[in-house]
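Residue numbers for the sequence shown follow my numbering, beginning at 1 and rising by one.
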Amino acid sequence: MAAAPPVTAPEILTHSIFDQISAMDHEQVVFCHDKTSGLRCIIAIHNTILGPALGGTRFWNYLNDDEALNDALRLSRGMTYKAAITGLYLGGGKAVIIGNSRKDKSESLFRRYGKFVNGLNGRYITAEDVGTSKEDMEWIARETSYVTGLPEYMGGGGDPSPFTALGVYMGMKAAAKEVYGSDSLSGRKVMVQGVGHVGAHLVKHLEDEGATIFITDIYEDRIADISREHNVIVVNPEALYDQDFDIYAPCALGATLNEDTIDRLRCSIIAGAANNQLADEKLHGQMLVEKGILYAPDFVINAGGLINVAMELQSYNRGRVTAETEKIYQRTLEIFARAKRNNIPTYKAANEIVEERLRNIAMLNSR
Ligand code: NAD
């Protein structure tokens, strides 16, 4: 499979819907609508070569339908890469529900959505994402068995973010080993951008290891909670790109690595949880190489949460999820070694491994 070209939002707006879908090589995109509950949703199935497409449901107040479609397309492609690099037998998909998650949620909306998911007969399996919770998954589960991220009492694995944080921590240690020759984070200055579900758990790992922790968030209550429980230094969200750190951990939004920020960043490692950190893979992946900053590819190191929900499809075992998530350390080192050997950016080394696996299994399936 050829590497998918990066598609940016402004470029996408000038293309037809089919151009957008084919630009990243998606298999299927489903638009769902229900007048009574107000449901407006897009389910994007990127690739099912390795198995059913698994990916969360994002509930977000998009500015317009194009923005929602673009997000669904980019995120679902990311899930294909995340599942493939992690060695899972799963494809990539993602759904977006258009609306305000603080005002527009209802039982009927999620159950109607569950019926649409069920209609796909297992080609797409959902889970929680930004704006949705395990309580919402319970409603969806009334209508379909193609849902993960369920609470423990329903046989699920509960909140996936502790495992996402563990994987990010593993990837960060691997990056430290590569850059400093030791994977110890003791005394390293680590900037955690966004102390929500994942960031908070990451802070705990870093504290246990004796790192000097800097945090930033746009919500005062998040900062206050974390500062009360941990020994952290608070930084203004805008100021972070101009300060000296060893490691920058983006755990808030995507696309924080762009022309403006890379120019200003003064760190030696980037390792965080946010999806799609590079605003433009090719351009900004190369810029980081030129600046001598080692980038631990996001979809490699933030896969702990996916491992957790994927385990629900078998029989859920927390110990196994932990062991599988810890493998991210070795996998990240292998990607760094391949990048060095072939003199390519780390994101590209990771993409190549994914595309080889997809090509090989597609060939196997066609025989
Ligand atoms: P979250 O919403 O719980 O936390 C994100 C935090 O970032 C919030 O506290 C928010 O206030 C803060 N934030 C938003 N914009 C900011 C800004 N400009 N500067 C500083 N802080 C800002 O989300 P989460 O579940 O912790 O996920 C964090 C990131 O990791 C997201 O991008 C998510 O897509 C990605 N991710 C999460 C998981 C998971 O298991 N939760 C898995 C894979 C990837």
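Where a beta carbon is used, it is the ideal one built from N, C-alpha and C, also for glycine.
query = What distance in whole Å lies between the Cβ atoms of Y113 and L39, which are believed to be in contact at a cut-off of 8 Å?
reply = 6 Å
Whether A271 touches G171 by CB criterion (8 Å) = yes
inquiry  = Taking 7 Å as the cut-off, is the beta-carbon of R222 closer than that to any non-hydrogen atom of ligand 1?
reply    = yes
Opening and closing residue of the alpha helix (DSSP H) in which F31 lies = First-last for F31: 28 to 34, but that is the beta strand (DSSP E), not the alpha helix (DSSP H).
query = Can you list, in chain order, the residues of its chain whose CB lies under 6 Å from that of Y62, leaving out five sequence neighbours each side?
reply = A68, I98
Identity of the residue in T261, Q193, D65, A255 nearest L232 by Cα = Contrary to the premise, residue 232 reads as Val rather than Leu in this sequence. The residue with the shortest Cα to Cα distance from V232 is Q193.
message = According to DSSP, simplified to helix, strand and coil, what is A211?
response = coil
ask   = Taking the alpha carbon of D34 as the point to measure from, which residue in R111, M154, L88, E281 has its own alpha carbon closest?
value = R111
inquiry  = Closest to Y248 by C-alpha separation, out of V190, G181, T256, would be which residue?
reply    = V190
request  = With I21 as the anchor, note down where its alpha helix (DSSP H) starts and where it stops.
outcome  = Going by DSSP, I21 is part of the alpha helix (DSSP H) stretching over 17 to 23.
Run of the alpha helix (DSSP H) containing M191, from where it starts to where it stops = Segment 189 to 193 is the beta strand (DSSP E) holding M191; no alpha helix (DSSP H) there.
query = Is there contact here, the segment 300 to 314 with the segment 152 to 164, by at least three beta-carbon pairs under 8 Å?
reply = Touching, yes.
inquiry  = Just to confirm, is the Cβ distance from G52 to I140 under 8 Å?
reply    = Residue identity check: residue 52 is Pro in the sequence provided, not Gly. No, these two residues do not count as a Cβ contact at 8 Å.
key: Helix, strand or coil at K82 according to DSSP, with G and I counted as helix   = Note: K82 maps to helix in three-state DSSP.
query = By Cβ distance, which residues of its chain are closer than 6 Å to I328, with the 5 residues on each side in sequence left out?
reply = G167, M170, G171, I301
ask   = Is it right to say F195 is buried, meaning 16 or more other beta carbons lie within 10 angstroms of its own, or is it exposed?
value = Looking at the sequence provided, one finds Val at residue 195 rather than Phe. So V195 ends up on the buried side.
task = Identify the continuous alpha helix (DSSP H) that holds F59 and give its terminal residues.
result = Where F59 is concerned, there is no enclosing alpha helix (DSSP H), although the beta strand (DSSP E) around it starts and stops at 57 to 60.
query = Which runs of the alpha helix (DSSP H) spanning at least 4 residues fall entirely within the segment 165 to 189, listed in chain order?
reply = none
task = Could you check what DSSP says for A4 in three-state terms: helix, strand or coil?
result = Interpretation of A4 is limited by its pLDDT of 43, a score under 50 that renders its predicted location unreliable; the figure taken from the coordinates is listed afterwards. In this structure, DSSP gives A4 a state outside helix and strand, which the three-state scheme calls coil.
key: the segment 354 to 362 in contact with the segment 285 to 297 per 3-pair CB rule at 8 Å   = Taking 8 Å as the limit for Cβ pairs, the verdict is that the segment 285 to 297 does not touch the segment 354 to 362.
ask   = Are the CB atoms of A44 and H15 nearer to each other than 8 Å?
value = The Cβ atoms of A44 and H15 lie no closer than 8 Å to each other.
query = By how many angstroms is the C-alpha of I335 removed from the C-alpha of T346?
reply = 6 Å
inquiry  = Considering only heavy atoms of ligand 1, does any lie closer than 7 Å to the CB of A84?
reply    = no
message = Could you pull the DSSP bridge partners for D225 from this structure?
response = Per DSSP, none; premise fails for D225.
key: Cβ-heavy atom distance, L69 to ligand 1, below 7 Å   = no
query = Closer than 7 Å: is that where the CB of Q218 sits relative to any heavy atom of ligand 1?
reply = Here residue 218 turns out to be Ile, not Gln, going by the sequence shown. Checking the Cβ of I218 against ligand 1 gives yes.
Where Y295 falls: helix, strand or coil (DSSP) = strand
Touch test, the segment 207 to 220 against the segment 257 to 277, Cβ-Cβ under 8 Å, three pairs minimum = no
ask   = Taking the C-alpha atoms as reference points, what is the distance between E229 and T322?
value = Between E229 and T322, the C-alpha separation is close to 24 Å.
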